[in-house]
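One structure is given below, encoded as structure tokens.
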Amino acid sequence: MPEVDQSKEVKVEKVTEMNLEEEEEKTDLPEEEEEEEEEEEEEEMTDLSGEEEKTDLPEEEKTDLPEEEDEWLDVLSTGDLKKKVIKPGITESRPCKGTTVVIKAKGCLENGKEADIHNQLTFTVGDGEVILGLDMILPLMDKGEIAEVYIASRFAFGSKGMPPNIPPESNLNYRVELMDCIPEEDPGSIPIEKRMVIGNRKRERGNWWFNREEYSLAIQCYNAAIDFLDDAEEEYGEDVKPEVAAILTERLKALNNMGAAQMKVGAYEVALKSLEAVLKCQPNNIKALFRKGKVLGCQGKVKDSMKFLKRALELEPESRLIHHELAKMKEQAREEAESEKSLYRRMLNLKKTTPTQGEKRYPVIKSFPWKTWVASFLVMLCLTTAGTQLYGYWK
């Protein structure tokens, strides 16, 4: 067996003895020092927990961010129409279709420029008196509520915009306050003066849509206006009361304009009914006569169209518009007559005679009745000669 180095074994024994002594010293520490160590350990634990709380704060802030985004209500789930409540209103006081509302609205472009401001705008929900975005968002607001509303261009002023303030294809941000809600009322229970105010408001809004060439919305406003500008107990005539005559006159204006809008969308039959209602009360209404003649022309009834256009021209001879439409109908009538002649020629196997070159150059000379005139001249010459001879004989 090899010899063991005793010096190395001694060194090991000394190290182990030192370690044991250190462990005994630690175990022999007084209770106060043990309590201080426990307090230091508790402080370290609290520091660690504090650090954990600090690391948790950003996570809480991150979780708060989606909640702020969720405050926006995406009405159509497409991002085109959104609403955010700034100040809640009275619960269970939301307007519905047919409710008259009064709002305060300020619309801005995406660059922050103010573009559409109304301090007190009154309209009826669902009657098409305002842009579609506002008409759709109001039933989601309570009375007294203030909200921010985002409206994409197709629910605002679309490709036409509203010059000069709103360019085409502009998205708008509105701040809307629903100031008041008035429940739907039966037009028959409203006084005539108030009915005229409401009806004229709707009719003028229809004119605004008509000028923008948005004829469907114009028809919707005109139709709503007629409901308020009607009086079932009275008929138009000379014996009606002045106030009733005034409201019926406004009704005829709405009917006349609605007929024009219906003609624009190709609804010719209903347009004729609207215009005939006007002419029944006002037979000499120039606009109704002209529009009816135009509608009949669009239906291909050229002769009937010319009859109404001539009546309108008699009442207003200097109207270039009526002259132009009448000339157009005359040309259409000539083309129809020519097409009928060609149809009859094809049915009878007759060929259309084409004029020669000389006939084209001198149509009057070619059409002159030369044979008749020559024969007449010869007869007159013979009679004159015979008369001269007889006169000489008898003399």
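Numbering (full-length UniProt numbering), first residue to last: 1 to 395.
For glycine and all other residues, C-beta sits at the position ideal for the given N, C-alpha and C.
Small disclaimer: the values here were computed from a predicted structure and weren't measured.
Exposed or buried, Glu52, counting other C-beta atoms within 10 Å across all chains shown (16 or more means buried)?
The predicted position of Glu52 is uncertain, since its pLDDT is 44 and thus under 50; a value taken from the coordinates is nonetheless stated next. Burial call: exposed.
Over what stretch of residues does the beta strand (DSSP E) that includes Glu148 continue unbroken?
Glu148 -> beta strand (DSSP E) spans 146–151.
Which class does Leu73 belong to by DSSP, given the choice of helix, strand or coil?
Here DSSP, grouped into helix, strand and coil, assigns Leu73 to strand.
Unbroken beta strand (DSSP E) run spanning Lys181, endpoints
The amino acid occupying residue 181 in the given sequence is Cys; Lys does not appear at that position. That run of the beta strand (DSSP E) goes 172–182.
For Leu95, the nearest candidate out of Asp142, Lys113, Pro168, Ile151 (CA to CA):
According to the sequence as given, residue 95 is Pro; it is not Leu. By alpha-carbon distance to Pro95, the top candidate from Asp142, Lys113, Pro168, Ile151 is Asp142.
In terms of residues, what are the limits of the alpha helix (DSSP H) holding Lys160?
Unbroken run through Lys160: none, as it is neither H nor E.
Once you ignore the five residues that flank residue 400 on each side, which residues in its own chain have a CB closer than 6 Å to its CB?
For residue 400 there is no data in the structure shown, the boundaries of the chain being 1 and 395.
Just to confirm, are Asn165 and Ser153 a CB contact at a threshold of 8 Å?
Between Asn165 and Ser153, the C-beta spacing is not below 8 Å.
Within its chain, find whatever has a CB closer than 6 Å to the CB of Ala277; leave out the 5 residues flanking it on each side and keep chain order.
Cβ neighbours of Ala277 beyond the five flanking positions: Leu255.
Any idea what DSSP makes of Gly79, helix, strand or coil?
Looking at Gly79 - three-state DSSP - the assignment turns out to be coil, as it is neither helix nor strand.
Separation of Met380 from Gly387, as counted between CA atoms:
Across the structure, Gly387 and Met380 are spaced so that their CA atoms are roughly 10 Å apart.
For Leu229, name the three-state secondary structure that DSSP assigns.
Secondary structure at Leu229: coil, using DSSP grouped into helix, strand and coil.
Do you know offhand how far Val374's Cα is from Thr385's?
Approximately 17 Å between the Cα atoms of the pair.
In three-state DSSP terms, what is Cys298?
Of the three classes helix, strand and coil, the one that applies to Cys298 here is helix, per DSSP.
Would you please state the rounded distance, in angstroms, between the beta carbons of Arg251 and Leu275? I believe it to be under 8 Å.
Arg251 to Leu275, Cβ: 14 Å. No contact.
What ranges does the alpha helix (DSSP H) occupy inside the region 314–350, keeping only unbroken runs of at least 4 residues that lie completely in it?
Here the runs fully enclosed are 320–347.
Buried or exposed: where does Tyr344 fall if 16 or more other Cβ atoms within 10 Å of its Cβ makes it buried?
For Tyr344, the number of other beta carbons within 10 angstroms of its own is below 16, and it is reported as exposed.
Per DSSP, which one or two residues make a beta bridge with Gly107?
Its beta-bridge partners are Asp116, Tyr174.
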